[in-house]
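Report on the following structure.
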Amino acid sequence: MPRGRKRDLEFSTDGAAVAQALQSKRTNTSTKRTYLSKINVMTAWLALHYPNTIDDDTKQLRVPLAKEAILSFFGHICGPAHACDRDNVQSKDCSSAPLSASCIWGYRSALVDVYRAKLLELDPQLDTELRRVLEGYEKVINSLKKRGLMKINEGKRQLKLSRFELLALKLMTIRPVKKAVRTP
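Spelled out as structure tokens, the structure:
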């Protein structure tokens with residue numbers, strides 16, 4: 000490998016391109032896929048109810064979005080849990096099952112990611128209001144679980160026995176490393 004100025008000339012790149020590449024690495028690939036699916040759901044709903052929030056050519060969100068549109072969308076996805084809570088109905092008997100609290104928080108994270116990708120920040124007042132909605136949603140979900148109207152493990156991924164056995168086997172076969180003790 001060349002040293003000094005030669006190396007700098009060979010490996011020099013546009014600093015802006017490097018900065019852009021580093022910004023894109025801030026979110027890992029699987030998270031980006033999850034965010035994309037959530038944004039697709041949001042885009043489809045907004046296209047029906049708030050068509051002016053979607054760009055006609057690119058079919059992407061026009062950010063910044065109106066506060067009313069964002070809160071209406073979150074009200075829509077939180078609606079099934081609210082209905083179960085209000086009507087004291089089992090979640091399985093609702094027209095659509097309530098989403099887990101972490102799933103709803105994921106929609107907020109996806110929205111924040113869209114804003115950051117466009118070098119914008121979510122309006123602090125809107126973010127505060129949205130957080131309050133989501134904290135209230137968490138309380139509703141916990142209440143449904145406590146009253147037996149929703150499964151306690153709903154929204155959680157269970158560890159299957161085969162995976163547990165594999166994990167236990169791996170952990171039980173690891174041998175501890177003994178460190179040599181020096182004597183003076």
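All residue numbers for the sequence shown refer to numbering that gives the first Met the number 0, where the first residue is 0 and numbers rise by one.
Cβ coordinates follow ideal geometry from the N, Cα and C atoms, glycine included.
Based on Cα-Cα distance, which residue from L119, Q89 and D122 lies nearest to L143? In the sequence shown, residue 143 corresponds to position 144, counting from 1. Comparing Cα-Cα distances from L143 to each of L119, Q89 and D122, the minimum goes to Q89.
Could you tell me whether the Cβ atoms of P97 and P123 are closer together than 7 angstroms? For the purposes of this step, residue 97 is taken as the residue at position 98 of the sequence shown. For the purposes of this step, residue 123 is taken as the residue at position 124 of the sequence shown. For P97 and P123, no; Cβs fall outside 7 angstroms.
Can you look up L60 in the DSSP assignment and give me helix, strand or coil? Residue numbering aside, residue 60 sits at position 61 when the sequence shown is read from its first letter. Note: L60 maps to strand in three-state DSSP.
Got a sec: does the ligand SAM put a non-hydrogen atom nearer than 6 angstroms to the Cβ of K177? For the ligand SAM, the structure offers nothing, since it holds no ligand at all.
Distance check for I173 and D56, CA to CA, integer angstroms please. Taking the sequence shown and counting its residues from 1, the one referred to as residue 56 is at position 57. Taking the sequence shown and counting its residues from 1, the one referred to as residue 173 is at position 174. Between D56 and I173, the C-alpha separation is close to 56 angstroms.
Could you check the C-alpha separation between R25 and I151 for me, to the nearest Å? In the sequence shown, the residue the question calls residue 25 occupies position 26. In the sequence shown, the residue the question calls residue 151 occupies position 152. One C-alpha to the other measures close to 33 angstroms.
With 16 other Cβ atoms within 10 Å as the buried cut-off, status of D54: Reading the sequence shown from its first residue, position 55 is the one you call residue 54. So D54 counts as exposed.
When burial is assigned at 16 or more other CB atoms within 10 Å of the CB, is C102 buried or exposed? Counted from its first residue, the sequence shown places residue 102 at position 103. By the 10 Å Cβ count, C102 comes out exposed.
With V176 as the anchor, note down where its alpha helix (DSSP H) starts and where it stops. Within the sequence shown, residue 176 is the residue found at index 177, counting from 1. From DSSP, V176 is part of no alpha helix (DSSP H); its letter is neither H nor E.
Between the region 102-116 and the region 27-47, are three or more C-beta pairs nearer than 8 angstroms? yes
Beta carbon of I140, beta carbon of A100: below 7 angstroms? The sequence position of residue 140 within the sequence shown is 141, counting from 1. The sequence position of residue 100 within the sequence shown is 101, counting from 1. Yes, Cβ-Cβ distance for I140 and A100 is below 7 angstroms.
Suppose you measure from the CA of H48 to the CA of L148; what does that come to, to the nearest Å? Against the sequence shown, residue 48 aligns to sequence position 49. Against the sequence shown, residue 148 aligns to sequence position 149. Taking the straight line joining both Cα atoms gives about 30 angstroms.
Would you check if the distance between the CB atom of C77 and the CB atom of Y114 is smaller than 7 angstroms? Reading the sequence shown from its first residue, position 78 is the one you call residue 77. Reading the sequence shown from its first residue, position 115 is the one you call residue 114. Not a contact, by the Cβ cut-off of 7 angstroms.
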